[in-house]
Each structure stands twice: as C-alpha cells, then as structure tokens.
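Student:
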Amino acid sequence: MIELKNVTKRYGDVLAADNVSFRVEVGQILGFLGRNGAGKSTTLSIASGYIPATEGQVLLDGHDILEEPRYVKRRIGYLPEQPPLYPDMTVDEYLRFACRIKEVDKRRVASHVGELCELTGLTDHRKRLIRHLSKGYCQRVGMAQALAGNPEVLLLDEPTVGLDPKQIIGIRELIKALGRDHAIVLSSHILTEVADVCERVAIIGQGRILAQDTLDNLAGGQDDARRVRLRAAGAEGEIAGVLNALPGLRALEPMGVKEPGTFDFILESARADDLRPAASNALAAAGHPVVMMRPMDMNLEDIFLRLTGEVDS
Amino acid sequence: MGAVYKRELQSYFYTPLGYVFMGVFLLLTGIFFLSGNLLQMSANLGVLFDSMSFLFMLIMPVLTMRLLSEEKRMRTDQLLLTSPLPVGAIVLGKYLAAITVLALTMLLTAPCVVILFIYGAPHAPLIASGYLGFFLLGASYVAVGILMSALTESQLTAAVATFGVNLMIQFLESVGPSLDVPLMPWLPSAIGWMSLYDRYYAFTAGVVSTADLIYFLSFIAVLLFLTARVIDRRRWRSA
C-alpha cells in the first residue's frame, strides 16, 4: 500500500504539487489524470523518491520514504515518462543491472530477467542493443525495469505514450493483469485509457487533486440530474408543447434543427425519474414520432473538462 | 555499488572513450620514454612522470566528464536515484570504475619498466613510489572531475571545468610560494602545505610518507563527499 499525505512541492514561487493526498492498496489501479503540466510527473517523482517533497509524506505500508529510503525504494517500481535506458547496453545487460541495483539476489538475477522479458514480450530482443530498439520496445524495457525485483507498488508515468495502437492494447492488458497483485498508479492524459484500465481516478490540475473517486461515482455523482437528448419529427413549438406537459420535467433546452423536418431538445429531470417512456408515448400520440433518443450521462471527458475548466477560469 | 562499478567500467569500453584515453596516454608515455629515457640512456623514470604530469592534467577530464553529467542528460539518474542504493554508493562505484581505467592504463606502461630493467640498473623502490605518486595524483584529478560532472548536464562543460580547476591547482602552486600578501604572511606556506604537486614530487623522489598518503586520500574523500552532496542538493531544488 502506498500513501501520499499532503504532499506539496514548491519551486520558488511555483507550486508544482499542492497538498496532494491519495492512497492505493494492493489490487487497485489508480488513474492519475491531468493535462500536460498539471503536476502528474512531479507527484510521481516524489512518490518514487526521485525528488523529495517540500512538505508532506510518502508512506509505503507506514514506512516513510525519507526515513527508510532503502526499505521503501526496494518495494517501488517506477517507469518515468522517459524510460531511463542506457543506449550502449543490451536489453539483457540492462535488466541484469536493474535487478542488481534493486537488490535482487545474485543467484536469482538470470531467471528473473528471463521472467521479466517473458512478461513484457522482450524474449526475442534480449541480445539487442537498446539504442537499436524502436520506441515501443524501449517502453517495454522501461516497463520490465520497473518490474525488476517484484515491487508491490508500481508508478507508471504515461506508459503508452508514443506506442502504436496494438502496443497500447498490449501494455494496457499487462497493466490490468499486474493490477491484481500490485498497487498501481497510472498517470495519463488519455481519458479512454484511464477509463479502460482503472477503477479509481484522481483528476489533477495545477498541482491540486480536483476530484478523486471511483469511475462510476465520478460519472454519476456530479449532480442529481438526468438528461436525455431527444429528436422528434415536427416543428419546435409543437414538440415543446407536448414535452412541457410531461410530469417530472425540470428543464427543456431547445438544441435546434439537426436533421430536416425534426427538432432536438435536451430534457432534464431528477435522477430518479426516467422521462423516456412518457415522452415517447406522448409525442407519438401527438403525431410527432421520436426518431432518436439517448441518455446523456456525464462521461469522464465531461467531468475532466468541467473540473479542469473550473481551474482555468 | 558493485553493479554500478561494473556497468561504468563496461561502458568505458562499449564507447571509444576508454580506448581513446588509454591510447593517448600510452602514446604520450611512449614519446617521453623514448626522448627522456632511451635516447638519454637514463634509468630514471622520475623524469617521465614529471613530464607526464602536466599532460596528464589535459587528458584526465576525458575519463570523468561523462560520469554523472550523462546520467542527468539521459535521465538515467532516475533509475539510480529511485533504487535502494544510497547516493554515496553510486558516486563511489563510478569513482572506482574511473580509477580502475587509470590503473589499467598505468599497468600497460609496464614494458617501459621491463626495458629499463633489461638494459639498465634502475632502483626498484624508486620506480614503485613514482608509480604510486602518479596514481594518487591521477586519482585526485578523477575526484575533481567527478565533482565537476555532478555540477552540469553537459559533458563538454564538465571537461572544461575539470581542466580549469586542475589548471588552477597547478597555477596556485607555482605562484603560491612567491605570494607576499600584506597581513597574510602565512599564505604561501598554507598554499605550499595544500599542494598536491609538492607531495607528488616527494613520491617521485622516492619519499613515501604517511602524511602525504593521508593527504591524497582525504583530498579524494572530501571531493567525493561533496559530489554526493551536490547530487542530493540538486534533487531538493530542481525538477
């Protein structure tokens, strides 16, 4: 379990991380979502022990990273945004080196490197020089390096940047599989990635955590309104007349003509009321058939834009 | 520390750097040996060491410029500093690798000694103490170099800074004794006491004293300590 307690990082007057707190248990994947420059990398650097926090604590199972660096660092695997690779080494040599400095037992290094290569799909590239590898393979070597010594906590900073779609899927599957017996923090600015891999999300902007919850709660719990977008045949006034008569309607927002002969509206009701059957029946009876209707749940993207937008303004 | 040492030593020979250093060093040694010993029919290696000491200062930065600056530039310091290794072990591993290359290079000058023994009657202990002094002087340069490479991200800057500091050390020693600063009559003797070269010349003259040995070792230890502090300090300050 890794826990950040009120971590703050100051560079002069600039607050790169502002009172950041989170906690990830083994078996969980926390998605760390934010725009470029929001403070994701700084926070992960602090959590990995690469740079110390100005204030606050990083704890691994209750052990402070500054007080017991050796204990904590042995249990953390870190993949920085730019994988820390030595181009003049082969994959094999590099991973042996990573294992040695992660204090893997000398007799186990060879077999452990084999496991790491197996896990990250590097087995056929073990003898190649890192400088000759493509970006995707470099990322995998970085991933293997983070896994060296079987750390229980993994900090992955934008692990899929620069990969092709097939490689992205591969790395995501790997992270999901690792998530079962590791505590993982996955930073990303790609919403679909976080939605795909993580059950819990922390949204960060200007160094602060703006929201932190499960994906379902974030998507559902933003307000208690339920919105439905509806398109019906007919003129604006006539359709509005029918819809305004619906019991439970809180607001009706005209959206204009998107298709000739029809008009679009957004209906808002309380979360508990589902207006769709009633609206469909009423419009059909009035001779304005519904040609399209879909619920407008807030997705991660909306939440993200709303929260990070609030910070800007 | 062993892993860092091994990786660093390998990387000297994965890149041309180690070979260039050895090649240049041995070429210069060969030239001085030819002109100072063979052509002069002299069995005194001290002359060789003396002439080498200045050029040595020029080529030493090659050995150290990459050590820490390149880690920062390639961001591989993230791997080292997030590992359980203490900073001191990283610095020490790298330092030992550099002086190992130095020692290997000096070992390759052995044919000169063999030639002297075949064709002359050199004084063996004198040669041994000369080698020891030369190695200690080199090891001090390496310590200066590693500190400089911790201060910058550019190999070139590290090399130039190392050269500058080494030059300053030598310059201070040549002008130090003649300095006459008002109110500081102790200055020339203080500079003389700190001198690396005076102590080094004692070795080439065959005088091995514990005080000199301890001086060289403490000089190196202080610089390595500062190097580790510089790395730590940069982590507190920068991104």
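Protein chains in written order, with our numbering: chain A, 1234 to 1546; chain B, 593 to 831.
No residue lacks a Cβ here, since even glycine has one placed at the ideal position from N, Cα and C.
Small disclaimer: the values here were computed from a predicted structure and weren't measured.
For Ser1274(A), which residues from the same chain have a beta carbon less than 6 Å from its beta carbon, with the 5 sequence-adjacent residues on both sides left out?
Tutor: Excluding residues within five positions, the ones whose Cβ falls inside 6 Å are Glu1314, Asp1390.
Student: Find the residues of chain B that neighbour Lys1306(A), judging by a C-beta separation of less than 7 Å, and give them in chain order.
Tutor: Thr674, Ser675, Pro676
Student: Closest Cβ-Cβ distance between Asp1535(A) and chain B: below 8 Å?
Tutor: no
Student: If you follow the beta strand (DSSP E) that Gly1489(A) is in, where does it begin and where does it stop?
Tutor: 1482-1489
Student: Just curious, the beta strand (DSSP E) that Ile1436(A) is in, first and last residue?
Tutor: 1433-1438
Student: Between the segment 600-623 of chain B and chain A, which residues of the former have CB atoms less than 8 Å from a CB of the latter, in chain order?
Tutor: Within the segment 600-623 of chain B, the qualifying residues are Gln602, Ser603, Tyr606, Thr607.
Student: For Gln632(B), count neighbouring C-beta atoms within 10 Å of its own C-beta (all shown protein chains included) and say buried if the count is 16 or more, exposed if not.
Tutor: exposed
Student: Listing by chain order, which chain A residues have their CB less than 9 Å from the CB of Arg827(B)?
Tutor: Tyr1283, Ile1284, Pro1285
Student: Quick check: Pro693(B) and Phe613(B), are their CB atoms within less than 8 Å of each other?
Tutor: Here residue 693(B) turns out to be Val, not Pro, going by the sequence shown. For Val693(B) and Phe613(B), yes; Cβs fall inside 8 Å.
Student: Quick one: is Asp1251(A) near chain B, going by C-beta distance under 8 Å?
Tutor: Not closer than 8 Å to any Cβ of chain B, the Cβ of Asp1251(A) fails to qualify, so no.
Student: How is Asn1239(A) classed by DSSP in three states: helix, strand or coil?
Tutor: strand
Student: Please decide whether Gln747(B) counts as near chain A, where near means a Cβ-Cβ distance under 8 Å.
Tutor: no
Student: Using DSSP with H/G/I as helix, E/B as strand and the rest coil, what is Ser1502(A)?
Tutor: Note: Ser1502(A) maps to strand in three-state DSSP.
Student: Would you call the segment 1304-1320 of chain A and the segment 1425-1436 of chain A in contact, with 3 or more CB pairs under 8 Å?
Tutor: no
Student: Among the residues of its own chain, which have a CB less than 7 Å from the CB of Glu1258(A), if the five just before and after it don't count?
Tutor: Met1234, Ala1416
Student: With 8 Å set as the bound, which would you pick, yes or no: does the beta-carbon of Phe1330(A) sit closer than that to a beta-carbon of chain B?
Tutor: Yes, because at least one Cβ of chain B sits closer than 8 Å to the Cβ of Phe1330(A).
Student: Give me the residue from Asp1297(A), Asp1357(A), Arg1329(A), Asn1269(A) with the minimum Cα distance to His1422(A).
Tutor: Asn1269(A)
Student: Cβ closer than 7 Å: which chain B residues qualify as neighbours of Gln1315(A)?
Tutor: Think of a sphere of 7 Å around the beta carbon of Gln1315(A): the chain B residues whose beta carbon falls inside it are Arg667, in chain order.
Student: Are there 16 or more other CB atoms within 10 angstroms of the CB of Ser732(B), so buried, or fewer, so exposed?
Tutor: So Ser732(B) ends up on the buried side.
Student: Using a Cβ-Cβ cut-off of less than 7 Å, give me the residues of the segment 682-697 of chain B that come near chain A, in sequence order.
Tutor: none
Student: Does any residue of chain A have a CB that is nearer than 8 Å to the CB of Leu671(B)?
Tutor: yes
Student: Quick check on Arg1303(A): does DSSP put it in helix, strand or coil?
Tutor: helix
Student: Can the beta-carbon of Gly1282(A) be found less than 8 Å from the beta-carbon of Ile1262(A)?
Tutor: no
Student: Rounded to the nearest angstrom, what separates Ala735(B) and Gln747(B) at their Cα positions?
Tutor: 16 Å
Student: I need the boundaries of the alpha helix (DSSP H) containing Glu1288(A), first residue and last residue.
Tutor: Per DSSP, Glu1288(A) belongs to no alpha helix (DSSP H); it is in the beta strand (DSSP E), 1288-1293.
Student: Report the three-state DSSP secondary structure of Val639(B) (helix, strand or coil).
Tutor: helix
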